[in-house]
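Colleague:
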Amino acid sequence: MTNCPPLHQLLPHEAPMILVDELIDVGKKHIHCRVVIRSDCLYFDPQTQSVPGYVGIEFMAQTVAGWSGYHAWKIGDDSPIGFLLGCRRYHSELSVFKEHEILDIHAEQIMENNGMAVFDCKIMVNDNIVASSQLNAFVPSKTQLEQMQTNNNNRKNA
Numbered sequence: 036m037t038n039c040p041p042l043h044q045l046l047p048h049e050a051p052m053i054l055v056d057e058l059i060d061v062g063k064k065h066i067h068c069r070v071v072i073r074s075d076c077l078y079f080d081p082q083t084q085s086v087p088g089y090v091g092i093e094f095m096a097q098t099v100a101g102w103s104g105y106h107a108w109k110i111g112d113d114s115p116i117g118f119l120l121g122c123r124r125y126h127s128e129l130s131v132f133k134e135h136e137i138l139d140i141h142a143e144q145i146m147e148n149n150g151m152a153v154f155d156c157k158i159m160v161n162d163n164i165v166a167s168s169q170l171n172a173f174v175p176s177k178t179q180l181e182q183m184q185t186n187n188n189n190r191k192n193a
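Under our numbering, residues 36 to 193 are what the sequence shown spells out, in order.
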């Protein structure tokens, strides 16, 4: 990848919640990111020397967030806040991701309508698919986000 900021600059997260390490490739409808399982990962279990397999959903979600952040960056906008609405058919061949394992996370947008999007996602280890899912996400417009914040503040003050 050329002319692209580091992945952490494209995500609306801050350490230690940034779990995806590197942006490998991104295009109009796809993204490829990489994670190396390390002991400094927030979900790393020192007893098993691994990260639970269900964390793969978050790896996928952050990869999708990287895609959204990249496209915002291209037009000079900040990384948008998005919401993971659902995960369909998460299937993992692995119960854990072992320390030092290299995970390649791929996501492809298959549908988008007014901020709602569906992505097919997969995690690969050594060119083998070890997990897959379909993620449903929503990126509100700035107006919608402001309205959500106003509604939230009104509830707090009621």
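Glycine included, C-beta positions come from ideal geometry on N, C-alpha and C.
With DSSP as the reference, label I164 as helix, strand or coil.
Modeller: Note: I164 maps to strand in three-state DSSP.
Colleague: Closest to G104 by C-alpha separation, out of V160, S127, Q82 and I66, would be which residue?
Modeller: Ranked by Cα distance from G104, the first of V160, S127, Q82 and I66 is I66.
Colleague: Would you list, in sequence order, the uninterrupted alpha helix (DSSP H) runs of no fewer than 4 residues that lie entirely inside the stretch 108-182?
Modeller: none
Colleague: On a CA-only basis, which of A107, Q144, E136 and L42 is nearest V86? Give me that one, please.
Modeller: Nearest in C-alpha terms to V86, of all of A107, Q144, E136 and L42, is E136.
Colleague: How is S85 classed by DSSP in three states: helix, strand or coil?
Modeller: strand
Colleague: My guess is that V165 and S127 are in contact by the Cβ rule of under 8 Å, so how many angstroms apart are they, rounded?
Modeller: 7 Å
Colleague: Counting Cβ pairs closer than 8 Å, one from the stretch 107-114 and one from the stretch 144-164, do we hit at least three?
Modeller: No: fewer than three Cβ pairs fall under 8 Å.
Colleague: Excluding five sequence neighbours on each side, which residues of the same chain lie with their C-beta closer than 7 Å to the C-beta of G117?
Modeller: A100, S103, A172, F173 and V174
Colleague: Would you please state the rounded distance, in angstroms, between the beta carbons of R69 and I59? I believe it to be under 8 Å.
Modeller: 6 Å
Colleague: Would you tell me roughly how many angstroms separate the C-alpha atoms of E57 and G111, rounded to the nearest one?
Modeller: 21 Å
Colleague: How big is the Cα-Cα spacing for L77 and L54?
Modeller: 8 Å
Colleague: Give me the Cα-Cα distance between V90 and N186, rounded to the nearest whole angstrom.
Modeller: If you take the alpha carbons of V90 and N186, they lie about 31 Å apart.
Colleague: I need the straight-line Cα distance from S176 to T83, nearest angstrom please.
Modeller: 42 Å
Colleague: Excluding five sequence neighbours on each side, which residues of the same chain lie with their C-beta closer than 6 Å to the C-beta of M146?
Modeller: V153
Colleague: Just the C-alpha distance for Q144 and Q44, rounded to the nearest angstrom, thanks.
Modeller: 21 Å
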